[in-house]
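The structure under discussion appears below in the form of structure tokens.
There are 2 protein chains.
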Amino acid sequence: MSVAMEEEEQVLTVHKTDSATILILLGILLLTILTIWLFKHRRLRFVHESGLSMIYGMIVGMVIRYGSSASTETPEVMLTGNRTFHAFQPPSSLILNLGPDENSTEKTHSLKYNLWGIVNENEQMAPIVRAVTFDPEFFFNIMLPFIIFEAGYSMKRRHFFRNFGAIMTYAFIGTTISCCVVGGIMYGLTRLMEIKFSLNDCFFFGAIISATDPVTVLAIFSDLKVDVDLFAFVFGESVLNDAVAIVLSESVETYGQYASTGFSANAFFKSLGSFVGIFAGAFAIGAFIGCLTAVISKFTKIRDFPLLETALFFLMSYSTFQAAEAAGLTGIVAVLFCGITQAHYTFNNLSLESKQRTKQLFELTNFLAENFVFLYVGVSIFTFHAQKWHAGFILSTFLAIIVARFCNIYPLSLLLNLGRRKKIKSSFMNMMMFSGLRGAIAFALSIRNTSSEARRLMVSSTMMVVLVTVVICGGFTTPMLQWLQIRVGVEEDQEGATDGSSIRTGGSTIEISQVKKPRDAKAWLVAQWHSFDVRFMKPFLTNCRPTLMETSPACCMPLARLLTTDEQLQGSDPTKDADSDIDMIIDHRELSIGEDTISTVSQTKPYTSTEPASQAYRDDCASGDLGMGQREDHLNVRVNLPGPQGHRL
Amino acid sequence: MSVAMEEEEQVLTVHKTDSATILILLGILLLTILTIWLFKHRRLRFVHESGLSMIYGMIVGMVIRYGSSASTETPEVMLTGNRTFHAFQPPSSLILNLGPDENSTEKTHSLKYNLWGIVNENEQMAPIVRAVTFDPEFFFNIMLPFIIFEAGYSMKRRHFFRNFGAIMTYAFIGTTISCCVVGGIMYGLTRLMEIKFSLNDCFFFGAIISATDPVTVLAIFSDLKVDVDLFAFVFGESVLNDAVAIVLSESVETYGQYASTGFSANAFFKSLGSFVGIFAGAFAIGAFIGCLTAVISKFTKIRDFPLLETALFFLMSYSTFQAAEAAGLTGIVAVLFCGITQAHYTFNNLSLESKQRTKQLFELTNFLAENFVFLYVGVSIFTFHAQKWHAGFILSTFLAIIVARFCNIYPLSLLLNLGRRKKIKSSFMNMMMFSGLRGAIAFALSIRNTSSEARRLMVSSTMMVVLVTVVICGGFTTPMLQWLQIRVGVEEDQEGATDGSSIRTGGSTIEISQVKKPRDAKAWLVAQWHSFDVRFMKPFLTNCRPTLMETSPACCMPLARLLTTDEQLQGSDPTKDADSDIDMIIDHRELSIGEDTISTVSQTKPYTSTEPASQAYRDDCASGDLGMGQREDHLNVRVNLPGPQGHRL
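Chains as they are written, first to last, in our numbering: chain A, 329 to 977; chain B, 329 to 977.
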């Protein structure tokens, strides 16, 4: 065989191995799906699907690791480069010039090799192990955006915003506390165990291990219809805290670049600046692209072609991620806010078919991505090339995260209770303490860079934390809920109806400002935003009533007319009046069946200008209730309630 | 900065460039979608979306090529390997050992580089050009499976099978003729131009350039509701001929490996064997996994959870591709047959929601993949690193494909007309001659391997052929239809109703065998399969009536009972009685609105065992009409016909 043919053979072998690997992973995924179905069918709840994926992944990883020999493929070639040729940076690709081939008529053969990553020295891997070991970027670019976007897109915004203050406290202050506590404990314990682990490494580890996972516990909460406030706490915290942990870890790295040893105020403020900058930038990009999609879907008639509309929606959402990454920001944070914006504005403009399509599409991609990630975590425990196991370090990590979680939840909850009318119960605190599972984000952050010894310790430790928390805490969620006597089977908003504060504030600022409560300043801010949203953002970005012509001052009338579509003026399309937030609540994980009728019940009659404006707001775009704990639900949510509270329209 | 940090920086830069690239591509895709919408909105038809994607791609490719400098990223490093270290094969990856870093405490830094491919020597690319130049495997593993699966899944099987013989003739014999004619002409012309191009290269080129593209013309046919038989010819030919061209090109390569110079009978039969083997193997894998999905979806109650069901369906279909590739066969061919099997059997078992979900999902992925492929073809014309331009070669190619298409369509059509009752009109032949567009498959096959000079000539030539045929032939399809006076606006099956041969054969062999026609032998074979399908395959694999208990001999009763589900016995679920083929016809490209009611009209009454079996077959799973030109449609298709032929139930 000629050399050219050898090279083709080699490319073919690599290709076959890759296919076999993907096939194996697909096989496990299929097995997981069938097992999930069996569990759902038999109503078993002791292992959740994420735990299941991980366990199956581990089994396969073990087989691959110990069952395959290292010598079936061409061994890797070691080159000893000298440092001169990359005076500043290592090369991004290597060209292997193989010289002229005597048998063939062609001159030279050059093979190109692309930079894959930094590896442990002298490591020989079997080809299948090599193939199973994906690029960490694969997670960040393909899997995570779907998971996080779906989180934002399907967010129960009503409950989320009702507990906005508490969630922000847990997510921002709580995660920072957790990061510091873990960092501190790890610093102390690594000194004791004499592991090389710099202070910067400690805080970096603290940041990545503080990202809690929204998948497992929430699926169970959703199944059991747990108390909506508890749901909002756990969901909001885990979604936002992923974003916080990512940005925090990047800030710690930034800090490390400016201050190599000891504390430096300059570096500290620079990293603080980077934290704020990344967060604000990502928020801005996400919100901007979300609004842009809303504008496009409002002012073009693309909704006549649902396929094009869905494609547009999908591509815009995905390009948010890439835009943020290309700008050097964090794509995942941007995608989260993009998802929220899309659900809040764009969703109202979509055709009925596209609403369904987008929801189902993201539900499916999210489901597949989630299971794939956990599966991959399982496989990696055995096949990942760069982890370094150290029992003492792993035990220290568990100790650190338990203490950190404790220092996060209880003090903050007690602090929040000082200001809250509706106190956070101690059973909720215990449950939140228990729900601190670690998942995809922590794992992905840890494998992203494994260049140093310290980083490799982090990888193994994070793997164990993910495995143990998902399988054990995930498995014991249901018993824990029973043990803590937390109400399950709560219908949407029944919660709100049972406590005494059912003051109907509608949607307008006037009424809100009449409700004088202790935290007026914050309430005022939120109410301002809410009013702005209802009066300008929603009329501008969606086809909902009221129109800009009704809400803007008389001087801006020509502009307002320009920005109002005919559909909006006619207000005849019933699909546009449906409350998008309720839609989201209904569809989430296909559970709340029986509420499907709400959206038709809450259809408003064609708007007549004799009605007072505040009434119109209440009927129409009711999804923007950006309020707090003491704010109450809107008229049209009550319609379908079962039991004595229901039907008090 | 320490070395570790430099490496991190480098990884980060690569990452940012990648993101920027993806963002650019997403941007063009979005622009294409908006332009498509505008064209559809304004009812312009002179440029089709695939041509549009390609033109936009070319513009961007040009900007990237000439607008970016080659020196912003670390240059590639050239290594001169000596041939001893890879005695048999080139290494699959290189490890660059950078030696100890003086500033850091760690021992060594090793960078890993993975084999990317064979490149042109001494080529410097700007980083953005490098990033835009995707791996050809990306097409084969990610894009093409979706396009081809959708083709199989949404195939109008009724019309396809009615013209089965003709389609197979065009696809198999026609493509082989085309391959030989192109090969011969290119051999002659390259000798004249003194280009180094071996005989084997000629036939390889003939094979890859013979793959016609089903995308552009069919979208227009579909829009205009062109004559169903013509649609079936063009669709069937282009879908199957992709498969034939792929396998053919692989066979030619196999031939080349065994016979380095001149003709060798041994090598010829080996490559013929490889052709048959690959085709049969791929068919077997595709059909098997399709049937397996049908069995799973029938015997588990997974349809209670549409999300899981859709995920299962999706993963099974995708794993077909990987299974075939891992087995060394052709994934695309397997996926095509898997799609057909899924549509024929599994589709009947899905829940109503999953039917919708899967159709919409594959429609979307197909749409995105198609546009992306054409976009990428456009970009590659400027950025692909390995093409070699030669005007004479390109002109020869155009001459060769025109002659080859001529030798394919006209002789075969005339030959077919000898045996056909319903002759292929000359206007149809002219239109088929004109519809020989080249697209994604030809392009992907050509860039898959660019190791030799000859291959690089093929790449540039294929690019030009794809560009010219898609933009020009695609753009002139509508005028051409008018010019050839081919009927458009034909309703489904109106065609069948207007010709005289409306003998209702139902589904059973007895009736078919009574229809004595010239081609009895073939009719008998097809009828045998049809009978087997209706009596055993459908009852076993789907929830359709009749059940196996009704069709199998008495001795197999216990087994038959075991393989019959309760749903099937009750036959109460209306969704299962709907004719899946009609569903497919309706949904294809969202066009044939107004026929939606067929599926409910054709619902059968609950089966009572007093009815004769043949009657039951006719009512129930009528989609399996695996007949030829003279076979007629089933009872339940007629229901909805407009005009005097309609309503003769």
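By construction, the Cβ of each residue, glycine as well, lies at the ideal position given by its N, Cα and C atoms.
Min CB distance residue i to chain B below 8 Å
{"i": "T638/A", "result": "yes"}
{"i": "R519/A", "result": "no"}
{"i": "K368/A", "result": "yes"}
{"i": "L919/A", "result": "Residue placement at L919/A cannot be trusted, given a pLDDT of 31 that sits under 50; what the coordinates show is reported in the next sentence. L919/A does not count as touching chain B."}
{"i": "I978/A", "result": "No answer is possible for residue 978/A: it lies beyond the span of chain A, which begins at 329 and ends at 977."}
{"i": "G385/A", "result": "no"}
Check whether residue i and residue j have beta carbons under 8 Å apart
{"i": "L576/B", "j": "T497/B", "result": "no"}
{"i": "A654/B", "j": "A348/A", "result": "yes"}
{"i": "M759/B", "j": "Y738/B", "result": "no"}
{"i": "T805/A", "j": "G389/A", "result": "no"}
{"i": "A622/A", "j": "L869/A", "result": "yes"}
{"i": "R766/A", "j": "I501/A", "result": "no"}
{"i": "H858/B", "j": "L785/B", "result": "no"}
{"i": "G667/A", "j": "G480/A", "result": "yes"}
Backbone CA spacing between residue i and residue j [nearest angstrom]
{"i": "D948/B", "j": "E681/B", "result": "The predicted position of D948/B is uncertain, since its pLDDT is 37 and thus under 50; no value can be drawn from it."}
{"i": "N699/A", "j": "P542/A", "result": "13 Å"}
{"i": "Y586/A", "j": "A770/B", "result": "53 Å"}
{"i": "S942/A", "j": "Q670/A", "result": "Any reading at S942/A must be qualified, since the residue scores a pLDDT of 40, below 50, and its modelled position is unreliable; the value itself is stated next. Rounded to the nearest angstrom, the two C-alpha atoms are 25 Å apart."}
{"i": "A662/A", "j": "L795/B", "result": "37 Å"}
{"i": "G385/A", "j": "G720/B", "result": "55 Å"}
{"i": "I660/B", "j": "S647/B", "result": "11 Å"}
{"i": "K344/B", "j": "N594/A", "result": "27 Å"}
{"i": "R371/A", "j": "G802/A", "result": "16 Å"}
{"i": "F695/B", "j": "I356/B", "result": "14 Å"}
{"i": "G379/B", "j": "T360/B", "result": "10 Å"}
{"i": "I709/B", "j": "S788/B", "result": "8 Å"}
{"i": "I571/A", "j": "I606/A", "result": "Note on residue identity: the sequence assigns Ala, not Ile, to residue 571/A. Distance between the alpha carbons of A571/A and I606/A is about 10 Å."}
{"i": "E581/B", "j": "C508/B", "result": "15 Å"}
{"i": "I364/B", "j": "T892/A", "result": "24 Å"}
Contact with chain A by residue i, beta-carbon distance below 8 Å
{"i": "G656/B", "result": "yes"}
{"i": "I800/B", "result": "no"}
{"i": "R685/B", "result": "yes"}
{"i": "T797/B", "result": "no"}
{"i": "F690/B", "result": "no"}
{"i": "G601/B", "result": "no"}
{"i": "G355/B", "result": "yes"}
{"i": "K344/B", "result": "yes"}
Three-state secondary structure assigned by DSSP to residue i
{"i": "R486/B", "result": "helix"}
{"i": "T540/B", "result": "strand"}
{"i": "R766/A", "result": "strand"}
{"i": "F633/B", "result": "coil"}
{"i": "R889/A", "result": "helix"}
{"i": "Q715/B", "result": "coil"}
{"i": "F525/B", "result": "coil"}
Residue i - containing alpha helix (DSSP H), residue span
{"i": "P807/B", "result": "805-811"}
{"i": "K866/A", "result": "866-869"}
{"i": "C735/B", "result": "719-747"}
{"i": "M382/B", "result": "377-395"}
{"i": "C666/A", "result": "659-669"}
{"i": "D894/A", "result": "894-898"}
{"i": "M786/B", "result": "781-796"}
Any non-hydrogen atom of the ligand FAD closer than 7 Å to residue i Cβ
{"i": "C735/B", "result": "The ligand FAD is absent from the structure shown, which contains no ligand whatsoever."}
Item to check | Near-chain C residues of the region 615-630 of chain A (beta-carbon distance less than 9 Å), N- to C-terminal order | outcome: Note that chain C does not occur in the displayed structure, where the protein chains are A and B.
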